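Below is one structure, written out as structure tokens; the observations come after it.
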């Protein structure tokens with residue numbers, strides 16, 4: 001099924017879980033997307049959104065860059081990193097969305113948003 005995170009093609013409260021990996025930095029209107037995720041979750045449903053983080057630092061960036069194969073994918077990795085969010089930026093966006101109680105954690109090279117409706 002083809003759809004957009006800005007208008008998920010599902011009824012309200014359709015899912016027990018929503019997972020997104022590596023696309024958050026591409027979302028044109030993340031607050032709207034967070035609201036859509038909330039809309040399609042059943043009460044008690046959980047969500048997990050993972051992505052890169054722009055402030056990962058030089059060492060993690062270099063390690064991931066040089067281990068990315070094929071090499072033709074490396075420019076895309078760098079542009080995705082430049083478009084990615086920091087924990088502080090995401091915390092502010094989430095505060096203005098239906099996922100306002102989300103937890104945001106950073107790891108070596110990325111970040112993870114988790115929570116429950």
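Numbering (the UniProt record's numbering), first residue to last: 1 to 117.
Even for Gly, the Cβ is constructed at its ideal location relative to N, Cα and C.
If you're wondering where the values come from, they're calculated on a predicted model, not measured in any experiment.
Item	Value
Three-pair Cβ contact test at 8 Å for the region 34 to 43 versus the region 59 to 70	no
Straight-line Cα distance separating residue 44 from residue 83	31 Å
Member of 93, 116 and 117 whose CA lies at the smallest distance from the CA of residue 27	93
Among 97, 54, 2 and 88, nearest to residue 77 - alpha-carbon criterion	54
Pairwise C-alpha distance: residue 71 and residue 29	30 Å
Short Cβ contact (8 Å threshold) for residue 114 with residue 102	yes
The alpha helix (DSSP H) enclosing residue 38, as first and last residue numbers	30 to 40
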